[in-house]
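In terms of the numbering used here, the sequence shown is numbered consecutively and its last residue is 1001. Even for Gly, the Cβ is constructed at its ideal location relative to N, Cα and C. These figures come from a predicted structure and were not determined experimentally. Down below is the structure, laid out as structure tokens.
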Amino acid sequence: MTMNIIIWLCTCWMPIIICISLINETKFKKNITVGVTLPYEAREDVDVLRILKRYRRGVEGVCAMLFVLSLLCFCFGSEKAMLITVWMIWIDLTVILPYVPYAIANIKLKEIKAKKGWKRADTERTETVNLSAMPSYSWISPWIFAPAGLICLLLIFFDPSMFFMYLIFAGCCAYFWFSYRYLYRNKAEMVDENTDLTIVLSNIRRYNWGKTWILCSYAMSVYAAIMCFFASYPVVSMIMLAAVTAILCVCTYRIEFKTRHLQEKLTEDSGRKWYADEDDHWIFGIFYNNPDDSRLVINQRIGINSTVNLAKPLGRIMYGLMALLLAALPFMGIWLDSIGTQDISMQLTEPQLTVRSGSTVYRIETDEIKEAVLMDALPTNLHRRMGTGMDRYLEGKFTADEIDNVTVLLDPEVSPYLLIQMENEQYYLFGTRDGEEVKTVYAMLKK
């Protein structure tokens, strides 16, 4: 039940956020609603309003159903493999189903657009580039991102045992700067012939794009600091991590919706004469597909996000990998169950003690062992800092009352356990699924 509650608290907000985001698509921003570009007169058109009303009801109904299903997931018992499988299926449905009403509304709006003559014929379509509308913009210096990564690296001196984790956090900060600088496509946000409007929209988008990545970078440094200084207080650290994540989500979504609101207000009178129309390049208003565009990463038309060009080979590969990931999610429970039950072996040779489980292998030089203790119970308040923590499988970096930092590989349900202290004061705690095997190795070590 505890695991169910934790998973539900981490995921129950997904249908709500998706619902709010998709309902927001009905508001005209840059002459676009539900991924379709329409003239100003369409905003009061009876057929358009009817489609949008039906779309809102469809999204609200699907998201409400998904929220109810999340509550029903509590009925699937306490077996972890089954629970994870059920929740992964629910996540797949949550990611996909709300976009079904979106795609249907997009198709119907395009039909209305063609029927009422709002769609230009291919012979009338031209690619328009307004060079005077290309705004001057100074990219944010990478030194603004640098302190976040530097904080992560400095934490290595406080906690060398978690060197790899802090390196990953610092790498994330560097990646966020890269995403800010190179995953944004320097294209003017052209809506109509108003050059000043194009410049203002472009600068708003770039400013908020940069602010989002800066927030993400410093969130990484806060995560790293919490894991470093509050490792001995797992409940406190978990609450703090959850709080930081919630604040980050609220801030980023606020930036996104603030950008959308500004796009809506600034273009509320647009679309009366000429207006930019790229609908033919957007499948269902979601997937960008333009063979004539040399770019792989392009801007979403609304908000500040980016997407990839499906017409490019790498774009198709990326979408294919994403589809495979979604298809693989329901099998995650089975995969985790196989990890939790895989064999753990312990073998002592003259120069080394080898403890192995799957691809995880620990080799300890016997002449560097300072002390070995056979324990009938696990250390008090053994908590995971990084690694795997399952009912019958613990592996990774842990902390306990008696030991500040300890590397662990064992089955917590099978005692005894072998605690090893090295000459460099590093600790290891090992166990297998056969207690007699651990006793045998311990007896050999004593000799």
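Q | Asp713 versus Gly589 - alpha carbon distance | A | Straight across, the Cα-Cα distance linking Asp713 with Gly589 is about 49 Å.
Q. At which residue ranges does the stretch 781-864 contain complete alpha helix (DSSP H) runs of 4 or more residues, listed in the order of the chain?
A. For the stretch 781-864, the full-length alpha helix (DSSP H) segments reaching 4 residues or more read 788-820 along the chain.
Q. Which one of Phe885, Tyr981 and Trp672 has the shortest CA to CA distance from Leu592?
A. The alpha carbon of Leu592 has as its nearest neighbour, out of Phe885, Tyr981 and Trp672, the alpha carbon of Trp672.
**Q.** Test item: CB-CB of Thr961 and Tyr947 under 9 Å
**A.** Contact: no.
Q | Pairwise C-alpha distance: Leu868 and Tyr916 | A | Going by the C-alpha atoms only, they are around 38 Å apart.
Q | Residues bridged to Leu964 [DSSP beta-bridge criterion] | A | DSSP links Leu964 through a beta bridge to Leu948.
Q. What residues are listed by DSSP as bridge partners for Lys583?
A. Residue pairing for Lys583: DSSP places it in a beta bridge opposite Ile586.
Q) What are the boundary residues of the alpha helix (DSSP H) that Glu990 is part of? A) Start and end: Gly989 to Lys1000.
Q: Let me know if Asp891 comes out buried or exposed under the rule of 16 or more other beta-carbons within 10 Å of its beta-carbon.
A: Its Cβ being crowded by 16 or more others within 10 Å, Asp891 is buried.
Q) By the 10 Å Cβ neighbour count, where 16 or more other Cβ atoms means buried, how is Tyr720 classified, buried or exposed? A) So Tyr720 counts as buried.
Q: Kindly confirm or deny that the stretch 821-837 and the stretch 780-792 touch, where touching means at least three C-beta pairs closer than 8 Å.
A: Short answer: they don't touch.
Q. For the candidate residues Asp921, Asp955, Ile705 and Glu665, whose alpha-carbon lies nearest to that of Lys1001?
A. It is Asp921 whose Cα lies nearest to the Cα of Lys1001.
Q. Can you tell me the Cα-Cα spacing of Met774 and Lys669, whole angstroms?
A. Computed Cα separation, rounded: 51 Å.
Q: Express the C-alpha separation of Leu620 and Asn578 in angstroms, rounding to a whole number.
A: Roughly 19 Å between the two C-alpha positions.
Q. Ordered along the chain, which non-local residues of its own chain (more than five positions away) have a Cβ less than 6 Å from that of Lys581?
A. These residues qualify, in order along the chain: Glu818.
Q) Contact check, Ser911 vs Asp930 under 8 Å by CB: the rounded distance? A) The C-beta separation of Ser911 from Asp930 comes to about 22 Å, leaving the pair out of contact by the 8 Å criterion.
Q: Report, in whole angstroms, the separation of the C-beta atoms of Ile858 and Arg759, which I expect to be a contact under 8 Å.
A: In this structure Ile858 is in contact with Arg759, their Cβ atoms being roughly 6 Å apart against a cut-off of 8 Å.
(Q) According to DSSP, is Leu603 part of a helix, a strand, or is it coil? (A) Correct three-state label for Leu603: helix.
Q. Per the contact definition of three or more C-beta pairs closer than 8 Å, is the stretch 774-783 in contact with the stretch 692-710?
A. The stretch 692-710, when compared against the stretch 774-783, does touch it at the 8 Å Cβ threshold.
Q. When you compare each of Leu663, Asp847 and Trp567 to Leu623 by their alpha carbons, which one comes out closest?
A. Relative to the Cα of Leu623, the nearest Cα in the group Leu663, Asp847 and Trp567 belongs to Trp567.
Q. Any idea if Leu964 is buried or exposed, counting beta-carbon neighbours within 10 angstroms, 16 or more meaning buried?
A. Buried, since its Cβ has 16 or more Cβ neighbours within 10 Å.
Q: Determine the closest residue to Trp731 out of Leu709, Glu743, Ile698 and Ser715, with distance taken between C-alpha atoms.
A: The shortest C-alpha separation from Trp731 is found at Ile698.
Q) Three-state secondary structure (DSSP) at Leu883? A) Three-state result, Leu883: helix.
Q. Around the C-beta of Trp521, are 16 or more other C-beta atoms found within 10 angstroms, so that it is buried, or is it exposed?
A. The shown model of the chain, from 555 to 1001, leaves out residue 521, and the question about it has no answer.
Q.
Would you call the stretch 744-759 in contact with the stretch 722-729, where contact means no fewer than 3 C-beta pairs closer than 8 Å?
A. At 8 Å Cβ cutoff, the stretches do not touch.
Q.
If you measure between the beta carbons of Ile923 and Met976, is that distance less than 9 Å?
A. Cβ atoms of Ile923 and Met976: closer than 9 Å.
Q: Give me the Cα-Cα distance between Ile837 and Arg597, rounded to the nearest whole angstrom.
A: Roughly 22 Å separates the two Cα atoms.
Q: Taking all protein chains shown into account, decide if Thr587 is buried (16 or more other Cβ within 10 angstroms of its Cβ) or exposed.
A: Classification of Thr587: buried, given that the 10 Å Cβ count is 16 or more.
Q. Where do the N-terminal and C-terminal ends of the alpha helix (DSSP H) with Ala724 fall, by residue?
A. Phe717 to Tyr736 is the span of the alpha helix (DSSP H), which, as asked, contains Ala724.
Q | 7 Å Cβ shell around Lys951 - same chain, five flanking residues per side excluded | A | Once the five neighbours on either side are set aside, the close Cβ partners of Lys951 are Ser715, Met716, Arg939, Met940, Gly941, Asn959 and Thr961.
(Q) For Thr648, report the span of its beta strand (DSSP E) as first-last. (A) From DSSP, Thr648 is part of no beta strand (DSSP E) but of the alpha helix (DSSP H) over Lys634 to Ile650.
Q) Which residues in the same chain as Trp889 place their Cβ atom closer than 7 Å to its Cβ, once the five residues preceding and following it in sequence are excluded? A) Correct list: empty, nothing qualifies.
(Q) Using only CA atoms, which one of Leu647, Leu932 and Ile645 lies nearest to Pro966? (A) Out of Leu647, Leu932 and Ile645, Leu932 has the C-alpha closest to the C-alpha of Pro966.
Q. Are at least three pairs of beta-carbons, each pair with one atom in the stretch 653-661 and one in the stretch 608-619, less than 8 Å apart?
A. Flag = yes, the stretch 653-661 and the stretch 608-619 touch.
Q) Do the CB positions of Ile645 and Leu972 come within less than 9 Å of each other? A) Their beta carbons are not under 9 Å apart, which means Ile645 does not touch Leu972 by this criterion.
Q.
On the CB-based measure, 16 or more other CB atoms within 10 Å of its CB, does Met744 come out buried or exposed?
A. Classification for Met744: buried.
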